[in-house]
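Residue numbering for the sequence shown follows our numbering, starting at 11 and increasing by one per position. The beta-carbon is built from N, C-alpha and C at its ideal position, and this holds for glycine as well. The structure under discussion appears below in the form of structure tokens.
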Amino acid sequence: MFQPSGCTKVSTSTIESTDPPPAWRPIVVGFAARALAVATASLGRRPIVVDHFADHDCQQCAEACFQLPQWGEARPFPSEVWKRLLRVAGAGSIPSPSLPRPPLLLGGGTENWPQLVDALHGPFHVLGPTSTQLSLLRCRHFWQDLAEQNHCRFPESRSDLRSTASGLAGWLSKPLRGAGGLGIRRLAPAASSPPTPPDGRERYWQREIQGRALGAHCILYNDRVQLLGITASFSADDWPGPSEFVYRGSWGPVPLCVEQQRVILGLCQAVRHASGLRGWLQIDFIEDSAGELWLLELNPRWAAGMEILLNSGVNAVAHHLAAWDWAQGRWPSVRTQTETTARTQGAENSARQFAKAIVYAQRDIELSKDRLRALHALPPAEFADLPSRDMLGQTVAAGHPLLTVRTALTTDGHGSQVRQNLLRALHLLRQQVASCTVR
């Protein structure tokens, strides 16, 4: 068991797999990696997980779960840490191509930590972009060129607002290395000049586009692209959160018209040709009142909305692995899953809608023994990302995520009524969480 630099503890799952131990274990790395770990484990191999939270249910599905309380520092981890992780994953003594090195999958938060990605690409078989590819795929100028060349809209964006004659109303301040809506701020209309960012992060300014926030979840192969599904995000009017634009949750799958799908696939093809990216590509859009799509950003990794697709029967991990040629022989269940998706996508689950939402702490919550016991007694189908027993006596600060609530319903409708029904069910689940954390 290793102790990563700057970490306070390492958590390991105590539940052993009932399957014979494989020659290797996949590795999952992300800021909040529970859903990615679950999707990976469902393919028959329990992963080694490295993330920020080491939640209770993440530990339950993982072979080992390593917590990194300090996330996103602009430095690589010591190489010895990753060598020891490689040995834990069962890849330290693999000399033969018949026993491949374990795949490493990138989750949320890694796209803005190129030093980490560089370190991972050294000793591991990373199925994801290099830091060089990330420098292109995470560049707002590339996003703008991509949109303009592929029949998609892109919001007006500037590095400096001092020259604008129209005032600051309708402009958003966005960090260059942002994720999950963190750090996005609305500029006060009465302000005479853009404020100095209090967090010291590099920023740019972008016109706000009114409409529905969508996530397109795609797979890029060597010779083709595939749209797995669309999810919609909840807004500040739908669900409480610590800031206006922070990610609150998603619902779906959401249908789009043929022309919108054509635009998305065209963007994917352009990204594939420009970057050589394989596997996951999540694209954030705003759909305006006229049905036009406005590109916001690209995320070349597992995305939060992919859990919605997983619940609907589409495992984005399997498709990602297939795009990296892991469906032939080395991981048979990957091929089974992707073939099943091809037969069932849009069929029996078309009337099922799924939703998830993050419950942010409304106040500081100390995790006492009674509170942890009450939280762990909640039904796992509806409550996820539970604080682990290692958190006993620690405090979840106000505005920080406590856990995730999930629901599903059968419907023949779409749009606002479906969203309202899902939200109603999610709010009832949030009340159950509140009863577990009373003073």
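query: In this structure, does DSSP put Ser-426 in helix, strand or coil?; result: helix
query: Pop quiz: Ile-296 and Leu-237 are said to be a contact at Cβ under 8 Å. What is the actual Cβ separation, rounded to whole angstroms?; result: That pair is no contact at about 18 Å.
query: Per DSSP, Lys-366 forms a beta bridge with which residues?; result: Ser-260 and Arg-416
query: In the DSSP assignment, what residue or residues form a beta bridge with Gln-77?; result: Asp-61
query: So what's Asn-309 in DSSP terms, helix, strand or just coil?; result: strand
query: Leaving out five residues on either side along the sequence, give the residues of the same chain with a beta carbon under 7 Å from the beta carbon of Val-256.; result: Gly-190, Gly-191 and Leu-192
query: On the three-state DSSP scale, how would you describe Asp-298?; result: coil
query: By a C-beta neighbour count over all protein chains shown, 10 Å radius and 16 as the cutoff for buried, is Cys-267 buried or exposed?; result: exposed
query: With a CB to CB cut of under 7 Å and the five nearest residues on each side skipped, what residues in its chain are close to Pro-31?; result: Because the pLDDT of Pro-31 is 43, which lies under 50, any placement of that residue in the model is unreliable, and the question is left without a value.
query: Using three-state DSSP, classify Gly-276 as helix, strand or coil.; result: helix
query: Would you give the residue range spanned by the beta strand (DSSP E) that Gln-216 belongs to?; result: 213-217
query: Classify Cys-228 as helix, strand or coil using the three-state DSSP reduction.; result: strand
query: In the DSSP output, which residue or residues are listed as bridge partners for Gly-289?; result: Leu-230
query: If the criterion is Cβ atoms closer than 9 Å, does the pair Val-415 and Ala-444 meet it?; result: no
query: Please report the distance separating the alpha-carbon of Arg-373 from that of Arg-258.; result: 17 Å
query: Our contact map puts Pro-263 next to Ile-318 with C-beta atoms below 8 Å; I'd like the distance itself, whole angstroms only.; result: 7 Å
query: When DSSP labels each residue in this structure, what does Phe-41 get in the three-state scheme?; result: coil
query: Taking the alpha helix (DSSP H) that Leu-130 falls in, what are its first and last residues?; result: 124-131
query: Helix, strand or coil for Arg-440 per DSSP?; result: helix
query: Cα-Cα, which of Asp-294, Arg-217 and Leu-277 is closest to Asn-160?; result: Leu-277
query: Trp-181 to Leu-419, Cα distance in whole Å?; result: 37 Å
query: Indicate whether the contact test is met: 3 or more Cβ pairs, each with one atom in the region 383-400 and one in the region 277-294, closer than 8 Å.; result: no
query: Distance check for Ala-313 and Glu-212, CA to CA, integer angstroms please.; result: 23 Å
query: What does a CB cutoff of less than 6 Å around Gly-221 pick up in its chain, not counting 5 residues either side in sequence?; result: Ile-296, Glu-297 and Asp-298
query: Counting only the same chain and skipping the five closest in sequence on each side, list residues whose C-beta sits under 7 Å from that of Ala-51.; result: Pro-57 and Cys-71
query: Which first and last residues belong to the alpha helix (DSSP H) in which Trp-153 is found?; result: 150-158
query: According to DSSP, what are the bridge partners of Thr-405?; result: Glu-376
query: Apart from the five residues just before and just after Gln-216, which ones in its own chain have a Cβ nearer than 6 Å to its Cβ?; result: Pro-165, Ser-167, Leu-182 and Lys-184
query: In whole angstroms, what separates the C-alpha of Ile-2 from that of Leu-178?; result: The chain is shown only over 11 to 449; residue 2 falls outside these bounds and no answer can be derived.
query: By Cβ distance below 6 Å, which residues in the same chain neighbour Leu-433 in space, the five residues on each side in sequence not counted?; result: Asp-248
query: Output yes or no for whether 9 Å exceeds the beta carbon distance between Ala-367 and Leu-412.; result: no
query: Asn-325: buried (16+ other C-beta within 10 angstroms of its C-beta) or exposed?; result: buried
query: Within 10 Å of its beta-carbon, does Arg-148 have 16 or more other beta-carbons around it, so buried, or fewer, so exposed?; result: buried
query: Exposed or buried, which one is Asn-232 when buried takes at least 16 other CB atoms within 10 Å?; result: exposed
query: Using DSSP bridges, identify the partner residues of Ile-240.; result: Ala-226
query: Enumerate in chain order the residues of its own chain whose CB-to-CB distance from His-410 is below 7 Å, with the five nearest sequence positions on each side excluded.; result: Tyr-370 and Ala-371
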